[in-house]
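Asker: Numbering (the numbering used here), first residue to last: 130 to 358.
Below you'll find the structure I mean.
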Amino acid sequence: MATYFITGANRGVGLELTRQAAAAGHYVYAVCRGPGKAHDLSKLAAANQDNIEIVPMDVTQANSIATAKARIGTNPIDVLINNAGVMGDDPQSPLDMDFDVLTRVLAVNTVAPLRVTKAFLPNLERAKGKVIVISSMMGSFTYGETSKMAYCTSKTAVNRLFHALAQDLKSKGVAVGILSPGWVRTDMGGPSATLTVETSVKGLLQQIAALDLKTSGSFGNYAGQALPW
Ligand code: NDP
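Below you can see the structure in the form of C-alpha cells.
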C-alpha cells in the first residue's frame, strides 16, 4: 500500500484519482480548499474511512500549505499529484489579455505545484517517492491557438520547472512525471471532451506506476505517448 497526496481532490480528475487510488488499496490524502462544500468527496471519504483522509489546503496560500504540512507531519508520501488547476476566464490572447487572469492562472498552475512540492519534499524523500504535475497538451509549443494564452503559458512554464526539478531530484531518488490527462469530460474539459474521467485516470495511474528515475522529467499523456515540449 502506497500513500498518495492528491490536490484538487474534490471534483473532476482529482476526485477520480482519489477514487481509483483508494479502490486499489492505497492511502489517500485527498486535498481540497473547501472541504465543507466537497460533497462528493465527503461521501467517498465516508465510505472509505480507513484510507481516505480529507486535508484542507489552498495550493496558492503559503499559510494553508503550512497548516496541511503540520497535519501530515513526517509521514512518507509515495506519490504527490499536483492536479489542482484553473483555466481562467477570457480574454487571454496576447493582444487582449486580462492581466489579473494571467497572474491568477500562473499562481495556481505554475507557482503552486512547485511550492507544494517543495513543502512536502521531506515526505517524498523519506519514501523515495514520485511527484507528478498534471499538465496539458495546451502547454506544448506545437499547440497553435492563441486564445487561451494564460492557461497555455502556465502549463508551458510548469513543464519547464518540473523538467528542471527532475534533474535536481534525481540524486535524492525522487522521480518527476509531467502528464497530460487528455481531453476529459469535467467542469474544465466540458461535455464535448473525448475522454471519460475514468478512462483518463486509469491511464494516468498506469503511467505513474511505470514512472522511474530513468524516465523522470519526461512529458507524456495518460496513454503513455510521449508529447512534444
Ligand atoms: P476541474 O475544473 O474539474 O477541477 C479543478 C480542481 O482544481 C478543483 O478541485 C478545484 O477546486 C481545484 N483548484 C483550483 N484552484 C485551487 C486552489 N487554489 N487550491 C486548491 N485547489 C484548487 O478541472 P479538471 O479536473 O478537468 O482538471 C484537473 C487538472 O487537469 C488541471 O490541472 C487541468 O489543467 C488539467 N487538464 C485538464 C484537462 C481536461 O480536459 N479536463 C485537459 C488537460 C489538462 P475547487 O472546486 O475548490 O475550485
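Every residue gets a Cβ at the ideal spot worked out from N, C-alpha and C, and that includes glycine.
Pairs of beta-carbons, one from the segment 262-273 and one from the segment 306-321, closer than 8 Å: are there three or more?
Answerer: A contact exists between the segment 262-273 and the segment 306-321.
Asker: Anyone know if the C-beta pair for N252 and V215 falls short of 8 Å?
Answerer: Within the sequence shown, numbered from 1, the residue matching residue 252 stands at position 123. Within the sequence shown, numbered from 1, the residue matching residue 215 stands at position 86. Going by C-beta atoms, N252 is not nearer than 8 Å to V215.
Asker: Say yes only if the C-beta of M317 is nearer than 7 Å to one or more non-hydrogen atoms of the ligand NDP, and no if none qualify.
Answerer: Taking the sequence shown and counting its residues from 1, one reaches residue 317 at position 188. Yes, the Cβ of M317 comes within 7 Å of a heavy atom of the ligand NDP.
Asker: Under the rule that 16 or more other beta-carbon atoms within 10 Å means buried, what is S300, buried or exposed?
Answerer: Position 171 of the sequence shown, counted from the first residue, corresponds to residue 300. Result: exposed.
Asker: Excluding five sequence neighbours on each side, which residues of the same chain lie with their C-beta closer than 6 Å to the C-beta of R255?
Answerer: Residue numbering aside, residue 255 sits at position 126 when the sequence shown is read from its first letter. Taken in chain order, the residues that qualify are P205.
Asker: With distances taken between CB atoms, is the gap from T136 to V208 smaller than 8 Å?
Answerer: Counting from one through the sequence shown, the residue named residue 136 turns up at place 7. Counting from one through the sequence shown, the residue named residue 208 turns up at place 79. Not closer than 8 Å, so no.
Asker: Of all the beta strand (DSSP E) runs that stay within the bounds of the segment 203-229, which reach a length of 3 or more residues?
Answerer: Counting only runs of 3 or more, we get 208-211.
Asker: Who pairs with F134 in a beta bridge, going by DSSP?
Answerer: Position 5 of the sequence shown, counting from 1, holds the residue named residue 134. DSSP output for F134 lists Y158, L209 as bridge partner(s).
Asker: Which residue spans inside the segment 255-338 form an unbroken alpha helix (DSSP H) run of at least 4?
Answerer: Counting only runs of 4 or more, we get 278-298.
Asker: Would you grab the beta carbon distance between V157 and T315 for me? Rounded to a whole angstrom, and I think it's under 8 Å.
Answerer: Indexing the sequence shown from 1 puts residue 157 at position 28. Indexing the sequence shown from 1 puts residue 315 at position 186. Actually they are not in contact, since the Cβ atoms of V157 and T315 sit about 19 Å apart, beyond 8 Å.
Asker: Taking DSSP as the reference, what is the three-state secondary structure of V184?
Answerer: Mapped onto the sequence shown, residue 184 falls at position 55. Strand, per DSSP.
Asker: Taking the alpha carbon of L290 as the reference point, which residue from K277, Q336, L235, P320 has its own alpha carbon closest?
Answerer: In the sequence shown, the residue the question calls residue 290 occupies position 161. Per the Cα distances, L235.
Asker: Do you know offhand how far D169's Cα is from L144's?
Answerer: Taking the sequence shown and counting its residues from 1, the one referred to as residue 169 is at position 40. Taking the sequence shown and counting its residues from 1, the one referred to as residue 144 is at position 15. So the alpha carbons of these two residues sit roughly 8 Å apart.
Asker: Specify, as a first and last residue, the run of the alpha helix (DSSP H) that N192 falls within.
Answerer: The residue given as residue 192 occupies position 63 in the sequence shown. 191-201 is the span of the alpha helix (DSSP H), which, as asked, contains N192.
Asker: State the DSSP-derived secondary structure class of A153, mapped to helix, strand or coil.
Answerer: One-based indexing of the sequence shown puts residue 153 at position 24. A153 falls in the coil class under three-state DSSP.
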